[in-house]
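S.K.: Once you've had a glance at the structure underneath, I'll fire off some questions.
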Amino acid sequence: MKKALILVSLFVGLVVLILLIQGRTPDWAQYQREYFKEQAATLHAQLNSTKDEAKRTQLKQEIKSFQNQKPEIIDLVLPNGKVERCKTCHIGIEEISSSHPSNTFGCVACHGGNPLSLDKGTAHDQMYGGGHPGSLNTASLSCGGTAENGMACHSGNQEAAKNEVDLVKTSIMSTKAGELSVVRRMFGFDKTNEVPGLVKGQTAALYPNPLQGQPNQKAFQQNCLNQCHQNGGEIPVFPTSNNLSPQGSQTGAKSQTENKITAKGCEVCHVLTNPMHTYIGTDTTMRSADLGWGMTHSLTTQIPYTQCNQCHNQGNHDPLKMSFAFRSDMTKVISDWKSGDTNYLDRVKDYYLPGEIFAQCEVSLDCIDCHTRQDVMGDNLLHTSQYEAVHLQCQDCHGTKETLPKTKKIVDPKDLAFEEQLTNPKFPALKLGDEILVTGKGEELPFIRHEGNSWVQTSRVTGKTFSIPLVYGSNCKQSLLEQGADSCHKCHDRSASHP
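Here it is in C-alpha cells:
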C-alpha cells in the first residue's frame, strides 16, 4: 500500500513538473521547435534519396544545424528603424512576393496588428480582415495603404490604373450587378440593364427587395447573389466526405458544416488555392483544420485558369428554381491548382462546362491572357452587364478583314507597361520603341507584341509564346457587325467532345 502511494505521488509530481515546465515555455518557442524538427525531417528524407557524396555532406550539416538550433526572439528591423517580431512565431512563413519583400515592407503594413507582442491574442488584435488583409472591407487599409517607406501602394496614386483597390470594388465580379440586372429584366421589373437605386460599388447581395417580394426572392439572394462575388461571397466547393455536405451544396443552400469558403477580395485571385482551400506551407502556426486559406503565404500575378474556376465553370445556376448545380463531370475534373498547367487534352476537358463551345486559343491560353486588368479589376464605372464590362474582343488580337490589330509604340520610360516586369517573372523584355497591342477601348496589352511581320503573345502564367493568326489577308468570312465570341464560334467551334 505504501509503495502504491509513493508511486502515485511520484507520478502526480512528475505531471505537475511537466505542466510547470510547459507553462514556462512560451508558445513561440514551441512553434520554432516544431519548425526546426520539420525542416530536419524534410532534409533527412532528401538525404535518404541522395547518392552524391558532396550533396549528402551538405545535407548532413544542414540537418545538424536544425537539430542544434535553439529558439530565440527574431527582430525584423525595417529600413525606417521600426522593429517587428512577427517571424518569432511565424518563422516558417513564405516570402509574400518579390515585389513586397518583408525586409522592406514588414508584416504590419499589410496585416495590421501589434508587431512587438509575442502573445498571440495581443499580437493579432486589430489585424486587417482577421488574417485576410485582401478582404474588400479592409483592403483600403492594407493593399491600399501606405508602405513603411511612405509610398502609396494600390490606392492614392495619380495614375488611376494603379489604384486597383478603388477600382476592384466597382468590378462586376465584386458587385454581381450583372446577375441582378439580367434576372430583374427576365422577371419584367426593369426594361433596361439599369437597376433603379443601385450605386457604383454596391454589392448586389445587399440590394433591398431585388425581386420585389416574389416567393423565390430569398433563394435568389442566398443561392445566386450571395455566391462567388469577391466581397465575401460564398465559393462553391464540390461536396466530398472531407469538406462539405452534399445536401445543400448541390442545391445552393448553406453548408451543413461551419466550414464555408468565402471570397476574400484581392486574395481570391492573387493567392493560389487547392480544392480544399487549405494551407500546406512551412509555417507551423498555420497548420489547422480550418478551410479558406491559400496553399502558401504568397501573392502572384501568374493566375492559372484553375484559380478562376473556383467560381467560373463549376456548374450552372437555374434562374427559375434559383438553385446551383455542379457540372456533371465534376468528379473527373483535374484541378492542377499548384501549377495551373495541365496537358492540352486535360485543359480541353476541364476548362469549360460540358457542351460549351470555344476556340482553340481560349483553352490554350489562361483567362488572364485575354481578360485585361480593367476587365477583371474594374474601370471605376458601374456596369450592369458582362458585355459592358469586358474590354476585349476577338478582333483586338486577330484584327478584321480590313484592319490589323491596333498597336502602340512604347516611347515613355515611365509607361505603365514597364511595371509588369516587376510583378511577373514571365514578362518578356520590353524596351523603348517596342510595339504592344491595345484594345478597342485603348487599354494596353503588354504581353502581346508586334515584331516585324509577327504577332506574338506570351502567356502570363507559363511564359509560353503563341503566334497569333490574323483575320486580315485570310479567308475568314466574318462580318464587321458581328464581332462577339458567339459569332466567331460559328466556325471556331471546338468542345470537350470535339477537341
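Residue numbering for the sequence shown follows our numbering, starting at 12 and increasing by one per position.
Beta carbons: idealized from backbone N, C-alpha and C, even for Gly.
As the structure is a prediction and not an experimental result, all values here were calculated from the model.
On a Cα-Cα basis, can you pick out the residue from Asn464, Ser108, Gly145 and His101 that is closest to histidine 122?
M.R.: If you number the sequence shown from 1, residue 122 lands on position 111. Among Asn464, Ser108, Gly145 and His101, the Cα nearest to that of histidine 122 is on Gly145.
S.K.: What residue does the beta strand (DSSP E) around aspartate 329 start on, and which one ends it?
M.R.: Reading the sequence shown from its first residue, position 318 is the one you call residue 329. Here the beta strand (DSSP E) through aspartate 329 covers 326-329.
S.K.: What's the C-alpha gap between asparagine 91 and alanine 163?
M.R.: For the purposes of this step, residue 91 is identified with residue 80 of the sequence shown, where counting begins at 1. For the purposes of this step, residue 163 is identified with residue 152 of the sequence shown, where counting begins at 1. About 16 Å.
S.K.: Since lysine 187 contacts alanine 215 with CB under 8 Å, what's their CB separation in whole angstroms?
M.R.: The sequence position of residue 187 within the sequence shown is 176, counting from 1. The sequence position of residue 215 within the sequence shown is 204, counting from 1. Indeed they touch by this definition, with Cβ atoms about 4 Å apart.
S.K.: Would you call valine 217 buried or exposed, if buried means 16 or more other Cβ atoms sit within 10 Å of its Cβ?
M.R.: For the purposes of this step, residue 217 is identified with residue 206 of the sequence shown, where counting begins at 1. The amino acid at residue 217 is misidentified as valine; the sequence shows leucine. Result: exposed.
S.K.: Helix, strand or coil, according to DSSP, for proline 257 in the structure here?
M.R.: The count along the sequence shown starts at 1 and reaches residue 257 at position 246. Bear in mind that a pLDDT of 36 at proline 257, under 50, signals an unreliable position, so the number given afterwards is only what the model happens to contain. Helix.
S.K.: Tell me whether glycine 495 is buried or exposed, calling it buried when 16 or more other Cβ atoms sit within 10 Å of its Cβ.
M.R.: As a first step, residue 495 is located in the sequence shown; it is residue number 484 there, counting from the start. Looking at its Cβ environment, which holds fewer than 16 other Cβ atoms inside 10 Å, glycine 495 is exposed.
S.K.: Please report the distance separating the alpha-carbon of glutamine 381 from that of threonine 181.
M.R.: As a working mapping, residue 381 is identified with position 370 in the sequence shown. As a working mapping, residue 181 is identified with position 170 in the sequence shown. According to the sequence shown, residue 381 is cysteine rather than glutamine. For cysteine 381 and threonine 181, the distance between alpha carbons rounds to 20 Å.
S.K.: Going by beta carbon distance, what residues of the same chain come within less than 6 Å of serine 309, once the five residues before and after it are set aside?
M.R.: Within the sequence shown, the letter at position 298 stands for residue 309. Result list for serine 309: Glu105, in chain order.
S.K.: Might you give, ordered along the chain, the residues of its own chain that have their beta carbon closer than 8 Å to the beta carbon of lysine 417, omitting 5 neighbours on each side?
M.R.: By one-based count along the sequence shown, residue 417 stands at place 406. Excluding positions up to five away in sequence, the list reads Asp407, Leu448, Val449, Thr450 and Gly451.
S.K.: Where does the unbroken alpha helix (DSSP H) through glutamine 50 begin, and where does it stop?
M.R.: Residue mapping note: residue 50 aligns to position 39 of the sequence shown, counting from 1. Note, glutamine 50: alpha helix (DSSP H), 38-59.
S.K.: Helix, strand or coil for lysine 420, going by three-state DSSP, please let me know.
M.R.: Mapped onto the sequence shown, residue 420 falls at position 409. Residue state, collapsed to three classes: strand.
S.K.: Can you give the beta carbon distance from lysine 93 to glycine 117, rounded, assuming they're within the 8 Å contact cut?
M.R.: Counted from its first residue, the sequence shown places residue 93 at position 82. Counted from its first residue, the sequence shown places residue 117 at position 106. Between glycine 117 and lysine 93 the Cβ distance is about 7 Å, and since that is below 8 Å, they are a contact.
S.K.: Short of 7 Å in beta carbon distance, which residues of its chain neighbour tyrosine 316, apart from the five on each side in sequence? Order them along the chain.
M.R.: On the sequence shown, residue 316 is found 305 positions in, with the first residue counted as 1. Correct list, in chain order: Gly351, Tyr362, Asp377 and Cys378.
S.K.: Going by DSSP, what residues sit across from serine 334 in a beta bridge?
M.R.: Taking the sequence shown and counting its residues from 1, one reaches residue 334 at position 323. The partner list for serine 334 (beta bridge, DSSP) reads Asp329.
S.K.: What does the alpha-carbon distance come out to for the pair histidine 101 and asparagine 59?
M.R.: As a first step, residue 101 is located in the sequence shown; it is residue number 90 there, counting from the start. As a first step, residue 59 is located in the sequence shown; it is residue number 48 there, counting from the start. If you take the alpha carbons of histidine 101 and asparagine 59, they lie about 28 Å apart.
S.K.: Name the DSSP bridge partner or partners of serine 478?
M.R.: Here residue 478 refers to the residue found at position 467 of the sequence shown. Paired residue(s): Val467.
S.K.: I need the boundaries of the beta strand (DSSP E) containing arginine 460, first residue and last residue.
M.R.: Along the sequence shown, one-based indexing puts residue 460 at 449. 455-462 is the extent of the beta strand (DSSP E) around arginine 460.
S.K.: Please classify arginine 298: does DSSP put it in a helix, a strand, or coil?
M.R.: In the sequence shown, counting from the first residue as 1, residue 298 sits at position 287. Of the three classes helix, strand and coil, the one that applies to arginine 298 here is coil, per DSSP.
S.K.: Using three-state DSSP, classify valine 344 as helix, strand or coil.
M.R.: The residue labelled residue 344 in the question sits at position 333 within the sequence shown. Three-state result, valine 344: coil.
S.K.: Assuming contact is defined by CB atoms lying nearer than 9 Å, are leucine 415 and proline 510 in contact in what I supplied?
M.R.: The residue given as residue 415 occupies position 404 in the sequence shown. The residue given as residue 510 occupies position 499 in the sequence shown. For leucine 415 and proline 510, no; Cβs fall outside 9 Å.
S.K.: Just the C-alpha distance for cysteine 235 and glycine 199, rounded to the nearest angstrom, thanks.
M.R.: Walking along the sequence shown from the start, residue 235 turns up at place 224. Walking along the sequence shown from the start, residue 199 turns up at place 188. Whole-angstrom Cα-Cα distance: 18 Å.
S.K.: Could you tell me which residues DSSP puts in a beta bridge with alanine 1?
M.R.: With the chain covering 12 to 510 only, the question about residue 1 has no answer from this structure.
S.K.: Start and end of the beta strand (DSSP E) containing lysine 275?
M.R.: The count along the sequence shown starts at 1 and reaches residue 275 at position 264. Per DSSP, lysine 275 belongs to the beta strand (DSSP E) from 273-275.
S.K.: To the nearest whole angstrom, what separates the beta carbons of glycine 292 and threonine 307, a pair I think is in contact under 8 Å?
M.R.: The residue given as residue 292 occupies position 281 in the sequence shown. The residue given as residue 307 occupies position 296 in the sequence shown. Confirmed, about 4 Å.
S.K.: In the DSSP assignment, find the beta strand (DSSP E) that holds isoleucine 447 and state where it starts and stops.
M.R.: The residue given as residue 447 occupies position 436 in the sequence shown. Residues 446-449.
S.K.: Is it the case that the Cβ atoms of lysine 501 and glycine 474 are separated by a distance below 9 Å?
M.R.: Residue 501 sits at position 490 when you count from the first residue of the sequence shown. Residue 474 sits at position 463 when you count from the first residue of the sequence shown. Against a cut-off of 9 Å, the Cβ pair of glycine 474 and lysine 501 comes out as no contact.
S.K.: Could you pull out every unbroken alpha helix (DSSP H) segment of at least 4 residues lying fully inside the region 74-114, listed in chain order?
M.R.: 97-100, all fully within the region 74-114.
S.K.: Closer than 8 Å is the cut-off here; do at least three beta carbon pairs connect the region 282-301 with the region 329-337?
M.R.: These segments do not touch.
S.K.: Exposed or buried, what is isoleucine 84 when buried is set at 16 or more other beta-carbons lying within 10 Å of its beta-carbon?
M.R.: The residue you call residue 84 lines up with position 73 of the sequence shown. Under this definition isoleucine 84 is an exposed residue.
S.K.: Give the straight-line distance between the Cα atoms of tyrosine 290 and methionine 341, rounded to the nearest whole angstrom.
M.R.: For the purposes of this step, residue 290 is taken as the residue at position 279 of the sequence shown. For the purposes of this step, residue 341 is taken as the residue at position 330 of the sequence shown. So the two alpha carbons sit approximately 23 Å from each other.
S.K.: Among Gln80, Gly389, Gln232 and His461, which has the Cα closest to the Cα of glycine 276?
M.R.: One-based indexing of the sequence shown puts residue 276 at position 265. Nearest option by C-alpha distance: Gly389.
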